[in-house]
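Below is one structure, written out as structure tokens; the observations come after it.
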Amino acid sequence: MKPTVKFALKPLQQSLLLGLLTLSMTGCQVLGDFYSRPEPQLPANYDHAGTGEHSAEQQLVLQQWWTLFNDSQLNQLVETALVKNNNVQVAVARIEEADAQAREIGADLLPTVELNGSGLRNRVTQSGVFPVFGNNPRKTYQIGLNGSYELDLWGKLRRANEAARAQLLATRYAKEAVTWSLSSLVANHYLMIRSLDAQLLVNEQNLKTAQDSLDLATRRVEGGVATILDQHQAELVVTTLQTQILELKRLRALSEHQLGLLTNDLGLKIAAGDLMAMPSPPTPPTGLPSELMAARPDVRQAEQDMVSANANIAVARAAFYPSISLTAAYGGESIALNNLLKSPARVWSLGLNLNLPIFNGGRLNARLDQATAQQKQIVATYQNTLQTAFTEVSDALVNASQYREQETLAQSKEKTTANILQVAQNRYEAGYTSYLEVLDAQRSHNEASQALVQTRQNTLTASVALFKALGGGWNPGSVPANEAISKK
Numbered sequence: 003m004k005p006t007v008k009f010a011l012k013p014l015q016q017s018l019l020l021g022l023l024t025l026s027m028t029g030c031q032v033l034g035d036f037y038s039r040p041e042p043q044l045p046a047n048y049d050h051a052g053t054g055e056h057s058a059e060q061q062l063v064l065q066q067w068w069t070l071f072n073d074s075q076l077n078q079l080v081e082t083a084l085v086k087n088n089n090v091q092v093a094v095a096r097i098e099e100a101d102a103q104a105r106e107i108g109a110d111l112l113p114t115v116e117l118n119g120s121g122l123r124n125r126v127t128q129s130g131v132f133p134v135f136g137n138n139p140r141k142t143y144q145i146g147l148n149g150s151y152e153l154d155l156w157g158k159l160r161r162a163n164e165a166a167r168a169q170l171l172a173t174r175y176a177k178e179a180v181t182w183s184l185s186s187l188v189a190n191h192y193l194m195i196r197s198l199d200a201q202l203l204v205n206e207q208n209l210k211t212a213q214d215s216l217d218l219a220t221r222r223v224e225g226g227v228a229t230i231l232d233q234h235q236a237e238l239v240v241t242t243l244q245t246q247i248l249e250l251k252r253l254r255a256l257s258e259h260q261l262g263l264l265t266n267d268l269g270l271k272i273a274a275g276d277l278m279a280m281p282s283p284p285t286p287p288t289g290l291p292s293e294l295m296a297a298r299p300d301v302r303q304a305e306q307d308m309v310s311a312n313a314n315i316a317v318a319r320a321a322f323y324p325s326i327s328l329t330a331a332y333g334g335e336s337i338a339l340n341n342l343l344k345s346p347a348r349v350w351s352l353g354l355n356l357n358l359p360i361f362n363g364g365r366l367n368a369r370l371d372q373a374t375a376q377q378k379q380i381v382a383t384y385q386n387t388l389q390t391a392f393t394e395v396s397d398a399l400v401n402a403s404q405y406r407e408q409e410t411l412a413q414s415k416e417k418t419t420a421n422i423l424q425v426a427q428n429r430y431e432a433g434y435t436s437y438l439e440v441l442d443a444q445r446s447h448n449e450a451s452q453a454l455v456q457t458r459q460n461t462l463t464a465s466v467a468l469f470k471a472l473g474g475g476w477n478p479g480s481v482p483a484n485e486a487i488s489k490k
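Using my numbering, read the sequence shown as starting at 3 and increasing by one per residue.
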């Protein structure tokens, strides 16, 4: 129950009122603790950061990290997706909604002024206890300005505004999180298409080699120097490669459809490209600090949620204290419309409203407990977000390092199997060995070629994962100078 007390002030009391307002406003106290970022329980640096030397250009990784792949088509796809993707449009609309909510709550810090007017014609009984004399029915006209202003003595309105602004920032970071994930999805699907293009190229080259081997086996069978088994085995290799090519084309079409969905272009067609020609993005410098992940939009969003939750506790606590509002009205009232704005018709009022909670059945305590419990949940969520981010970066660093080493080994293996295949074909053509040796060499070379393409894709997608995990990348100012140059 909140009793409301109204005071109608006389003109002589105006000076006293102004003095009271001045004293109240200078004595305003903001309740509740102000936000302080929790100390993250994380290692200072990542264990598997790179050790290579880097130029200033390489160390400066902008938020547009996908440009480091030096592929104009990839750049265009990401830029299109960031503008046209439906999920991005939803996130933008949510920002607009949060901005409107913040402006609505912020308006409580300002006075409200309204213009009211009315015209009334009514007749009252003349048979009552107090008969009415004069005009009956009568007309009454009113017009006036009404204003009110709540004194924010305990910071309730300011902390509510703080919570709303934090939620607006959280919504903006949520939109960044959408674009952050979207750019990596587009890059990964694009790299998948480029990988499939490379695998198609490898299989088509192997198919040409297999067809040449089939022609050779057929001639040798016709010449009586080989068995029909050699020819059938060569035919099987050709058929197998043709089947693999069809499957790769199917997978490429599906990946193309996914890119079309992400870019909101369902008729999208991607021209063939060369995965092996795409440059590797720079590796992270030594001494990469764990604080870099603070750039991640999900971490920033979680922190703004904490700011909002902390302010909401102060709002709930301020509800226990009295609230005081100033009210004022000025206007005119007359039975004649043409006299409404003249001095004799002038009316005004000035007063204070005081609301003090006395008994509410524990409602205010329950609201404070809710706000406190929500703040505890959000703090735990923030710590979990930090730990998840640290784990994702650590995993991405390991993958990036290991895949680069695997790619080097895969290149060596592919060259070796190519040499073995050439030797086996020469030996078979000269009649020194059976076709089984050629088949085995072809199989090994085909597997090695496919493995090289796959490890190349893994290396590039690991770079994408690292950029995503870091929230975009790193820059020279984020790495301690003595550590960043320790390998130079």
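Just so it is clear, CB atoms sit at the ideal spot from N, CA and C, and this is done for glycine as well.
Note on the stretch 264 to 339: whole beta strand (DSSP E) runs with a minimum of 3 residues are 325 to 336, in chain order. If you look at Gln427, you'll find it in the alpha helix (DSSP H) that goes 365 to 431. Less than 9 Å separates the beta-carbon of Leu352 from that of Thr329. In the three-state reduction of the DSSP assignment, Val227 falls in the coil class. Within a 10 Å sphere around the beta-carbon of Ser257 sit 16 or more other beta-carbons, which makes this residue buried. Assignment of Thr114 by DSSP, reduced to helix, strand and coil, places it in the strand class. Taking the C-beta atoms as reference points, Tyr143 is found nearer than 9 Å to Leu339. Under the criterion of beta carbons closer than 8 Å, Thr265 and Ala83 qualify as touching, at roughly 5 Å. The stretch 87 to 114 is shown to contain whole alpha helix (DSSP H) runs of 4 or more residues at 88 to 108, in chain order. Following the DSSP letters along the chain, one finds Leu354 inside the beta strand (DSSP E) bounded by residues 348 to 357.
Listed in chain order, the non-local C-beta contacts of Lys271 below 8 Å within the same chain comprise Glu258, local neighbours out to five positions each way being set aside. Judged by DSSP secondary structure, Lys344 falls outside any beta strand (DSSP E); it is assigned neither H nor E. Look at the beta carbons and you see the stretch 166 to 181 touching the stretch 292 to 309: at least three pairs across the two are nearer than 8 Å. Between Gln452 and Arg196, the C-beta spacing is not below 9 Å.
Straight through space, the alpha carbons of Thr461 and Leu277 are spaced by roughly 11 Å. A residue is called buried when at least 16 other Cβ atoms come within 10 angstroms of its Cβ; Glu409 meets this threshold and is buried. For the pair Pro286 and Leu399, the CB atoms are nearer than the 9 Å cut-off. Counting only the Cα atoms, Gln246 lies some 10 Å from Val240. In the three-state DSSP reduction, Tyr192 falls in the helix class (H, G or I).
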